[in-house]
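Below you'll find the structure, written out as structure tokens, and then a few comments.
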């Protein structure tokens, strides 16, 4: 096995981040403070939604979004098993029931058509994954959900900076949850953000991310205790800190170049691999801007291709195990032929800023020679 020279993921860190971190470290604000506020504004400005809350992980963002949507005992969430386990664990933690929707085998994502049969009077939310940087058919799903008075939670961990039908992900729906974990497009070490479509949900989310208290609306420290606002519901310890936000602010200076590199590599992979035997290119809308967190395709004899790429120093693989195989989700299992088809063939290639034109062509050449 050759030494890996082209990893599937790589952490981006710009020069100067150490200087910025040192300034924050000795500023007196290392928990949530002015850097977190600045990073939150930067994220909101970038996605075109000021109703954005920075948190310590995408998982926390999802948990808050499900709370806002009314998920709890006796309520159901229509979701996909073709995702990170973090998408679905918060549903169980809140006492909800998961109803698996099948996926379009051409995209690996749930659709309005696969969601509709599972809608009942108990449905609280639909969880939509924008898979590996490709936007789901969001307009159709939102239209279906609104006809039934159901909230849509977008797991946008892979799609920070993506655009659906010309508009940024996070600017169109009820809740969009972003990840800034180490290997995402931009990183804060670990972190996330929740973008809300509704002002009331946004104000409540600000409380839910910190024990039910809105830190931004707290009275000054010298306020007497009997004047402090009441805490009406429990929340999470889910706030971002200023060290993480400092890293994020430095990352945001390079976000356009980072995203363009992912996108350009993805577009070229689709063009160069379109006619390769044994490879199926996913159905993607030319009207969308995908962020290609991993370049996802379908490969017949996937294991052989993974070995062949590894022999040439290229890391590849299926990024997430289908969740319905886990024992913790046993009670929710269902027949999902689309998931079965996609899961058996799904493969992601390195696609980020570290993949040069020469490396991309080398990877394509390896695949074209067969496995």
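In our numbering, the protein residues as written are 786 to 1156.
Backbone N, C-alpha and C define an ideal beta-carbon position, used for all residues, glycine too.
Comparing alpha carbon positions, the residue from 1000, 895 and 1002 closest to residue 924 is 895. Fully enclosed alpha helix (DSSP H) runs of no fewer than 4 residues occupy 923 to 932 of the region 919 to 960, in order along the chain.
Residue 1022 is bridged by DSSP to 995. With fewer than 16 other CB atoms across the displayed protein chains lying within 10 angstroms of its CB, residue 1019 is exposed.
Inclusion of residue 861 and residue 908 in the CB contact set at 7 Å is warranted, their separation being smaller than that value.
As computed with DSSP, residue 861 is found in a beta bridge with 882 and 908. For residue 981, no alpha helix (DSSP H) encloses it; the enclosing beta strand (DSSP E) starts and ends at 977 to 981. Under the Cβ criterion (8 Å, minimum of three pairs), the region 1020 to 1031 does not count as touching the region 1039 to 1047. Beyond the five residues adjoining it in sequence on each side, residue 1105 comes within less than 8 Å, by CB distance, of 867, 868, 869 and 870 in the same chain, given in chain order. The C-beta separation of residue 1123 from residue 887 comes to about 4 Å, placing the pair in contact by the 8 Å criterion.
For residue 1084, the enclosing beta strand (DSSP E) begins and ends at 1080 to 1084. If you check the CB distance, residue 1108 and residue 816 do not come in under 7 Å. In the DSSP assignment, residue 894 forms a beta bridge with 889. In the DSSP assignment, residue 1131 falls within the beta strand (DSSP E) that extends over 1131 to 1134. The region 1057 to 1143 is shown to contain whole beta strand (DSSP E) runs of 3 or more residues at 1064 to 1066, 1080 to 1084 and 1131 to 1134, in chain order. Leaving aside the five residues that flank residue 974 on each side, the residues in its chain whose CB is nearer than 7 Å to its CB run, in chain order, 967, 1029 and 1032. Its Cα nearest to that of residue 955, the residue 836 stands out among 836, 993 and 1125. Exposed is the label assigned to residue 1088, since fewer than 16 other Cβ atoms lie within 10 Å of its Cβ. Under DSSP, the beta-bridge partners assigned to residue 964 are 977. When DSSP states are grouped into helix, strand and coil, residue 1151 belongs to the helix group. Spatial neighbours of residue 1057 in its own chain (CB-CB distance under 7 Å, excluding positions within 5 residues in sequence) are listed in chain order as 1149. Collapsing the DSSP output to three states places residue 972 in coil. Counting every other CB atom within 10 Å of its CB across the protein chains shown gives residue 1111 a total below 16, marking it as exposed. Taking the C-beta atoms as reference points, residue 996 is found no nearer than 7 Å to residue 970.
In the displayed model, residue 839 falls within a strand according to three-state DSSP. Shown here, residue 877 sits in a helix according to DSSP, grouped into three states.
In this structure residue 1072 is in contact with residue 950, their Cβ atoms being roughly 6 Å apart against a cut-off of 8 Å. Counting along the chain, residue 826 sits inside the alpha helix (DSSP H) bounded by residues 819 to 832. Judged by their CB atoms, residue 1139 and residue 795 are nearer to each other than the 7 Å cut-off. Membership of residue 808 in the alpha helix (DSSP H) is indicated by the continuous run 802 to 810. Cβ neighbours of residue 921 within its own chain (closer than 6 Å, five residues either side excluded): 894, 913 and 915. In the three-state DSSP reduction, residue 1034 falls in the helix class (H, G or I). With a contact defined as Cβ atoms closer than 8 Å, residue 1136 and residue 964 miss out at about 17 Å.
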